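A short write-up of the structure that comes next.
Numbering (the UniProt record's numbering), first residue to last: 1 to 444.
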């Protein structure tokens with residue numbers, strides 16, 4: 001009668017998978033554990049007759065040994081073929097999505113090119129942000145985030161900004177003096193800001209918080225804020241101690257100096273001032289993943305996001321490999337590249353992605369797969385010319401008398417030398433004379 005295999009039976013069947021000699025023991029054990037995990041997952045789901053378990057073990061061992069790659073095999077060619085096949089299909093699939101309007105997410109061939117070229121400024125940078133708590137519903141997540149994620153400057157939340165010299169009092173000034181103070185009466189010049197009330201409500205920002213953000217940054221400013229229904233913020237500026245630059249005295253005099261100072265210095269500075277959130281994050285999208293709500297951002301400031309007290313830094317990820325490399329290091333960047341390549345090229349063996357990524361990261365930093373990286377390496381003129389810009393590389397090598405070491409496959413093929421692949425990988429040769437002497441001694 002058919003039944004599932006027990007744990008001990010599965011371990012016995014897979015006992016033929018042992019570490020290979022000649023490679024580091026840690027690497028060999030990692031390969032063995034990976035293979036056993038893959039087979040164990042499949043065997044645990046199968047129903048078999050107990051009588052055929054020994055036959056199953058023999059068959060698996062035979063197939064496993066036959067599938068192992070031969071020494072000296074050109075694994076780079078297999079990797080390139082597998083990736084090329086998938087990219088061809090991805091190119092054809094782009095026609096099926098023509099005209100669709102979706103959130104800006106780079107995928108398919110453009111995303112593959114960005115990763116391969118190690119682009120520092122991808123077309124659509126975003127972060128997937130997870131939270132430690134307060135994310136079971138979208139309403140709860142909105143309360144958790146508040147105005148702490150999207151980076152908003154004063155120009156983002158204002159609809160109009162005007163400069164007034166000798167500002168006339170508004171109706172609500174008297175109320176402000178009663179509730180707060182009258183320090184603003186010492187100043188005459190003012191920048192009046194009309195705030196976008198709808199945007200303040202969207203990001204849960206009060207006018208008082210905007211005023212405090214400005215006064216905390218600049219001690220010589222005094223902010224007077226209106227009731228929320230009016231949405232006006234008057235910023236009084238102390239212009240009594242303005243020093244005229246020597247190169248501007250011809251164009252600026254004592255009378256117009258305060259106004260020009262307000263237009264060229266104060267207003268641009270205030271417009272660029274960060275009121276709340278994280279700089280670089282321009283918008284957020286709410287999305288549900290499994291049993292929790294998360295956000296996806298437009299723009300990125302990975303280190304600042306991870307420093308947010310409510311963000312779960314063990315899950316939060318950026319789609320820019322340089323953010324990960326500069327924040328978490330080369331090993332994290334390597335793992336990210338492997339996962340990204342596997343997501344784009346779903347269906348190919350992970351070994352191909354690992355080979356490509358190891359080639360990009362083995363030096364300790366991220367190197368693109370391009371002619372610019374090839375220039376920095378110890379490759380000869382033939383190796384560089386066989387990749388890209390053949391004529392330019394040949395001319396540059398000829399101009400300085402560059403030497404060709406004939407170590408690569410391309411240069412070996414051009415020069416008619418046996419390449420260091422396949423049977424040409426091993427440099428050992430049989431000593432026929434010595435072997436003959438051993439045979440003769442044996443029969444004497």
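Glycine residues also receive a C-beta, built at the ideal position from the N, C-alpha and C atoms.
Keep in mind that this is a model prediction, so the values were computed, not measured.
DSSP three-state call for residue 232: helix, strand or coil?
-> Strand.
If you drop the 5 nearest sequence neighbours on each side, which residues of the same chain put their C-beta closer than 7 Å to that of residue 340?
-> 115
Which residues in the same chain have their Cβ closer than 6 Å to the Cβ of residue 138, if we skip the five residues on either side of it in sequence?
-> Closer than 6 Å at Cβ, skipping near neighbours: 286 and 293.
Backbone secondary structure at residue 139 - three-state DSSP = helix
Out of 7, 56, 33 and 24, point me to the one whose CA is closest to residue 18's CA.
-> 33
Find out if the Cβ-Cβ distance for the pair residue 167, residue 234 is shorter than 8 Å.
-> yes
Since residue 311 sits in a beta bridge, which residues does DSSP pair it with?
-> 131
Which same chain residues, not among the five before or five after residue 282, have their C-beta less than 6 Å away from its C-beta?
-> Excluding positions up to five away in sequence, the list reads 298 and 299.
Minimum length 4: unbroken alpha helix (DSSP H) runs contained in the stretch 138–221 = 138–145, 173–179, 197–202 and 207–217
What number of angstroms, rounded off, separates the C-alpha of residue 20 from the C-alpha of residue 52?
-> 28 Å
Residue 64: which of 13, 49, 121 and 77 sits nearest, CA to CA?
-> 13
Counted within 10 angstroms of its Cβ, other Cβ atoms place residue 111 as buried (16 or more) or exposed = buried
Own chain partners of residue 409 with C-beta closer than 8 Å, once the 5 adjacent residues on each side are dropped | 74, 419, 420 and 421
Once you ignore the five residues that flank residue 201 on each side, which residues in its own chain have a CB closer than 7 Å to its CB?
-> none
Mapping DSSP to helix, strand and coil, what is residue 100?
-> The predicted position of residue 100 is uncertain, since its pLDDT is 48 and thus under 50; a value taken from the coordinates is nonetheless stated next. Coil.
Give every residue of the same chain whose Cβ lies closer than 6 Å to the Cβ of residue 313, excluding the five residues on either side of it in the sequence, and list them in chain order.
-> 306
Look at the alpha carbon of residue 368 and the alpha carbon of residue 383, and state the distance between them as a whole number of angstroms.
-> Distance between the alpha carbons of residue 368 and residue 383: 17 Å.
Given residue 101, which residues of its chain have a CB within under 8 Å of its CB, disregarding the five upstream and five downstream residues?
-> The pLDDT assigned to residue 101 is 42, lower than 50, so where the model puts this residue is not dependable; a value taken from the coordinates is nonetheless given after this. Correct list: empty, nothing qualifies.
For the beta strand (DSSP E) containing residue 276, list its first residue and its last residue.
-> 274–276
Going by alpha carbons, who is nearest to residue 388 out of 372, 206 and 68?
-> 372
Pairwise C-alpha distance: residue 335 and residue 370 = The straight-line gap from Cα to Cα measures roughly 21 Å.
Are the Cβ atoms of residue 4 and residue 47 separated by less than 8 Å?
-> yes
Can we say the stretch 132–149 touches the stretch 189–197, given the rule of at least three CB pairs closer than 8 Å?
-> no
Cβ-based burial, residue 471 [other Cβ within 10 Å; buried from 16] = The chain is shown only over 1 to 444; residue 471 falls outside these bounds and no answer can be derived.
Expressed to the nearest angstrom, what Euclidean distance is found between the alpha-carbon atoms of residue 396 and residue 403?
-> One C-alpha to the other measures close to 12 Å.
What number of angstroms, rounded off, separates the C-alpha of residue 284 from the C-alpha of residue 151?
-> Roughly 10 Å between the two C-alpha positions.
Cβ-Cβ separation, residue 205 to residue 127 (assumed contact under 8 Å), whole Å = Contact flag wrong, Cβ pair sits at about 22 Å.
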